[in-house]
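A quick write-up on the structure given underneath.
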Amino acid sequence: APSPDDPPVAMSGRPMKTQLALPTGIKKLTNIAVVRLKKHGVRFEIACYKNTVGAWRDGFEKDIDNVLQTTQIYNNVSKGIFAKEEDLLKAFGSADEKVVAKLILETGEVQVSDKERKNTFDNIFRDAVNVLVDKCVNPETNRPYPPGMIERALREVHFQVDPTKSAKQQALAALPRLQKVFPIKRAAMRFRLTVPAERAQATLDVLLGENATIEEQTESEIVCTADPSVYRTLDKFAKDTSVQLEVVTMAVMEGGVSETFGETRGAERVSGSGDVNADGRRNVGAYAMRDLEGALAGAVPGGDGEAKMARAKIVARRDAAVGERDGSADGSAAGVEVLYPRGPIAGLPDEHASRRDRFAPIDEIQGGWRVELRRRGGSSVVDAVFFSPDGVLHKS
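Residue numbers for the sequence shown follow our numbering, so the first one is 13 and each next one is one higher.
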């Protein structure tokens with residue numbers, strides 16, 4: 013009979029191999045974000061939940077237990093090797109793991125995968141492009157550049173993303189380099205200053221000294237446009253005096269986009285509130301145009317939000333001569349088939365009933381709009397061209 017001390021034997025007669033136990037000093041974790049700090053020649057790591065380190069450092073997350081998966085300090089999280097107590101005392105002067113974990117969390121380097129790093133860099137790059145589109149214009153036409161042109165220019169000047177800085181900081185820092193490639197500048201801001209009579213001359217002196225353009229002046233108000241860098245000066249002046257400063261428009265631009273560097277100027281784009289006529293009344297046409305953009309964005313199938321708006325860009329043509337010159341005003345351009353001549357939106361035939369239903373909100377915003385449906389020769393794409401009640405052409 014086998015002895016109790018003999019090793020277990022399988023049915024084949026061979027000795028069975030016993031499974032090795034995992035050492036008690038090793039603990040493996042998965043699906044984590046690692047924060048690493050090297051001090052006194054020793055590497056220390058902590059295991060955190062993903063996407064929580066940034067919230068802790070920005071002050072949004074206050075409870076450290078929602079950030080750390082465990083308060084234990086590691087030499088190597090992936091291998092599950094704990095840090096020694098004597099190393100903690102030597103490097104941090106304390107063996108309290110929660111205190112040490114906070115120090116590593118605040119000053120350590122977050123380890124991310126290549127895919128996460130690329131995704132972060134792509135998001136910052138995209139945000140930087142959007143900042144330049146929203147805040148910069150072609151100085152020759154005062155129109156914004158399309159995102160694709162800005163993106164190509166940034167790559168041409170070898171723009172490098174810095175994950176420690178905001179997209180706005182990096183975009184505006186790249187502006188001088190872009191100016192060496194093609195004409196671009198910061199769009200002006202529009203200000204309204206409510207000025208007491210005794211401060212009127214002093215206010216004008218400040219504005220003219222900053223090269224501001226006076227657009228409108230009354231006994232108590234001054235409306236002007238100026239470079240965004242002037243804002244700090246005007247804000248300080250307003251705080252030191254009894255002048256009230258209001259930002260009316262963040263970026264004063266013309267309608268449409270700058271596809272080339274030598275195009276004619278279009279209508280001023282509505283970028284903020286406060287658009288008024290010369291007699292002081294609100295410019296209803298400007299607000300209707302802004303609402304029209306939103307209505308048309310909803311009329312485009314597929315996508316939502318910015319995607320819809322991008323696919324339904326409206327290029328305002330205020331100069332009737334432009335339409336007459338290229339033949340677009342009457343649809344007589346070569347190779348263009350008119351499917352529905354200019355007429356009321358409600359008059360669209362049943363074969364275009366889906367478009368009639370999508371365009372209906374335009375009449376609710378402002379009555380009198382007319383539409384013309386066109387198709388270019390050899391293309392299946394149908395273009396809708398809109399005309400305002402006063403005959404101004406708006407092509408989407």
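Backbone N, C-alpha and C fix where the C-beta goes; we use that ideal spot for every residue, glycine too.
Residue state for Q182 is assigned as helix, using DSSP reduced to three classes.
In terms of Cα proximity to P356, the closest of A365, T153, V350 and E384 is E384.
If you ignore the 5 residues before and after N142, its C-beta comes within less than 6 angstroms of no other C-beta in its own chain. Per the DSSP secondary-structure output, Y243 pairs with nothing in a beta bridge.
Under the rule that a run must span 3 or more residues, the beta strand (DSSP E) segments found entirely inside the segment 82 to 126 read 86 to 88 and 121 to 123. By the Cβ criterion, the segment 188 to 199 is in contact with the segment 142 to 161, since at least three pairs of Cβ atoms, one from each stretch, lie closer than 8 angstroms. Cβ-Cβ separation between R55 and E121: approximately 11 angstroms, too far for a contact (criterion under 8 angstroms). Boundaries of the beta strand (DSSP E) harbouring I234: E233 to A238, taken from the DSSP string.
The C-beta distance from S232 to V207 rounds to 6 angstroms, short enough to meet the 8 angstroms contact threshold. Taking 8 angstroms as the cut-off, the Cβ atoms of I116 and L100 do not count as close.
Secondary-structure assignment with DSSP links A45 through a beta bridge to C60.
Where Q213 is concerned, the enclosing alpha helix (DSSP H) starts and stops at A212 to G221.
Cβ-Cβ distances below 6 angstroms link A186 to F171 in the same chain, with the five nearest sequence neighbours on each side left out; the list follows chain order. Under the three-state reduction of DSSP output, P401 falls in the coil class, being neither helix nor strand. The beta-carbon separation of A358 and R368, rounded to 7 angstroms, stays under the 8 angstroms limit for a contact. The secondary-structure analysis by DSSP pairs K51 across a beta bridge with V54.
Taking a cut-off of 8 angstroms on C-beta distances, the segment 160 to 180 does not touch the segment 75 to 89, as fewer than three cross pairs fall below it. Restricting attention to R211, V348, S400 and I377, the CA atom closest to the CA of V394 is found in V348.
For D252, DSSP assigns no beta-bridge partner whatsoever. A distance below 8 angstroms separates the beta carbons of T253 and R211.
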